[in-house]
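Input: a single structure, listed below in structure tokens.
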Amino acid sequence: MYKQIFGKYTPKKENLIYILHEIQDQHPEHYISAEAIKIVAEYLSISESHIQGVLTFYTMFSTKPRGRNIIRLCESPPCFLKGSEDILRQLRQLLEVKIGETTADGIFTLELCACLGVCGNAPVMMINEDVYGDLTEAKVESIIASYRGGK
Ligand code: FES
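The opening position of the sequence shown corresponds to residue 0 in numbering that gives the first Met the number 0, with each subsequent residue numbered one higher.
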């Protein structure tokens, strides 16, 4: 995986974020491992602590293993006003997790995020790269079921 990713980026510090994104996306558990930090630090000739700092600063990165599907529920005001709190309650119940946790079967990780840019369809959530808007309890239930069915 590293060879293929490094092939796309010259060993410059400016490429760090892109490289980390690709590593996280390609990892089956969607995270940046300690091994990955070491390998990237060597490739870019930067310190591991610099990478740790970047990983802490950007909330989209995780240094802990996550589920196969990352659910990001928008918590910005327009979605909040349209009931994102109820959707969050439902997701926590359906998945039996708290925010930031991964389901016991490893299928989902539940996270919150800021505006996804589609406020006209509030409340909104994203699962991996797919955006789901105008969420209702029925809609959420069927979306989750479709992923559990192996989407
Ligand atoms: S506020 Fe939720 S998508 Fe913009």
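Glycine included, C-beta positions come from ideal geometry on N, C-alpha and C.
Just to check my reading of the structure: R65 and E21 have Cβ atoms closer than 8 Å, yes? What is that Cβ distance to the nearest angstrom?
Between E21 and R65 the Cβ distance is about 16 Å, and since that is not below 8 Å, they are no contact.
Considering only heavy atoms of the ligand FES, does any lie closer than 7 Å to the CB of S75?
Flag set: Cβ of S75 near the ligand FES.
Straight-line CA distance for E47 to A137?
Cα-Cα distance, rounded: 45 Å.
Using the Cα positions of Y1 and Y42, report the straight-line distance between them to the nearest angstrom.
Between Y1 and Y42, the C-alpha separation is close to 10 Å.
Is G116 near the ligand FES, going by C-beta to nearest heavy atom under 7 Å?
For the ligand FES, at least one heavy atom lies less than 7 Å from the Cβ of G116.
Determine the closest residue to S83 out of L72, I36, Q23, with distance taken between C-alpha atoms.
Answer by Cα proximity: L72.
Just to check my reading of the structure: K81 and A121 have Cβ atoms closer than 8 Å, yes? What is that Cβ distance to the nearest angstrom?
That pair is a contact at about 4 Å.
Pull up the distance between the alpha-carbon of R147 and that of I106, whole angstroms please.
Those two C-alpha atoms are separated by around 7 Å.
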